[in-house]
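Enquirer: Going by the numbering used here, the letters in the sequence shown line up with residues 158 to 305, in that order.
We put the CB at the ideal spot given by N, CA and C, even for glycine.
Since the model is a prediction, treat every value here as computed from it, not as a measurement.
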Amino acid sequence: MTEKRPIREIMSDFFDNSIRFNHIIHIPTQLVLDEKIPSNIRDLFEMSWDQITNALNLKVSDHITLEDLCCDLIGRYKKYGFLGQIAIPVPREFSDDFSSYTFSFGLTHTAWFYADSIEELSEKALEYQEKYIERKKKEAKESQASHE
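1. Here's the rule I'm using: 16 or more other beta-carbon atoms within 10 Å means buried, otherwise exposed. How should S261 be labelled?
2. Excluding the five sequence neighbours on either side, which residues of its own chain have a C-beta within less than 6 Å of the C-beta of W206, listed in chain order?
3. Going along the chain, which residues of its own chain have a beta-carbon closer than 6 Å to the beta-carbon of S257, five neighbours each way excluded?
4. When the Cα of D254 is compared with those of T222, K295, V189, which residue comes out closest?
5. Alpha carbons only, please: which of D200, E287, L240 is nearest the one belonging to L278?
6. Hey, I153 and A282: beta-carbon distance below 8 Å or not?
7. Let's test the definition: count the other Cβ atoms within 10 Å of the Cβ of D268 and tell me whether it reaches 16, buried, or not, exposed.
8. Just tell me which of S303, L264, D200, I194 has its CA closest to the CA of P246.
9. Looking only at its chain, what residues have a beta carbon closer than 7 Å to the beta carbon of A272, apart from the 5 residues adjacent to it on each side?
10. Skipping 5 residues on each side, what residues in its chain have a beta carbon closer than 7 Å to that of H180?
11. Report the residue ranges of all beta strand (DSSP E) runs contained in full by the stretch 165 to 203; include only those spanning at least 3 residues, in chain order.
12. Are the CB atoms of L188 and L215 nearer to each other than 8 Å?
Next comes the structure, spelled out in structure tokens:
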């Protein structure tokens, strides 16, 4: 079992890597306890249905309603944790040696994750960001090589 890092350390990494959470949903308290799903959460599910169900690792019917899915999250799927959406600034221009890049939160890439704890959710976000930046760096290198 890996040692749990303090949340302050994780949040410092978020700052250093320019990651932010756009949304964090605690499934048991925000989706299941209330009979009416809050409109802001309903909107998120409607806009990001595929990404959210993928983050939850669920294969759901196209005909399932949001209300039925929310009831099933705890009862059937045993999802007691957190759903989170992060935003990562898209790298615009890399330096000549690809060690740094320019960015702005005006253009972001988003991704959804599920985890049992907020710490685990944060660690998944950090891992994703690292892979995302490496992929963008590789694309930039390939693009530069094709123009030479």
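Expert: Considering the structure as presented:
1. By one-based count along the sequence shown, residue 261 stands at place 104. S261 should be labelled exposed.
2. Position 49 of the sequence shown, counting from 1, holds the residue named residue 206. Here the set comprises nothing.
3. If you number the sequence shown from 1, residue 257 lands on position 100. Around S257: no qualifying Cβ.
4. Indexing the sequence shown from 1 puts residue 254 at position 97. Per the Cα distances, K295.
5. Locating residue 278 in the sequence shown gives position 121, counting from the first residue. For L278, the nearest C-alpha among the options comes from L240.
6. The shown model of the chain, from 158 to 305, leaves out residue 153, and the question about it has no answer.
7. One-based indexing of the sequence shown puts residue 268 at position 111. It should be noted that the sequence gives Ala, not Asp, for residue 268. It counts as buried.
8. Position 89 of the sequence shown, counted from the first residue, corresponds to residue 246. Minimum Cα distance to P246 is reached at L264.
9. Numbered from 1 along the sequence shown, position 115 holds the residue referred to as residue 272. Contacts found: G238, F239, L278, K281.
10. Locating residue 180 in the sequence shown gives position 23, where the first residue counts as 1. Result list for H180: L201, G241, Q242, in chain order.
11. 177 to 183
12. Along the sequence shown, one-based indexing puts residue 188 at 31. Along the sequence shown, one-based indexing puts residue 215 at 58. Going by C-beta atoms, L188 is not nearer than 8 Å to L215.
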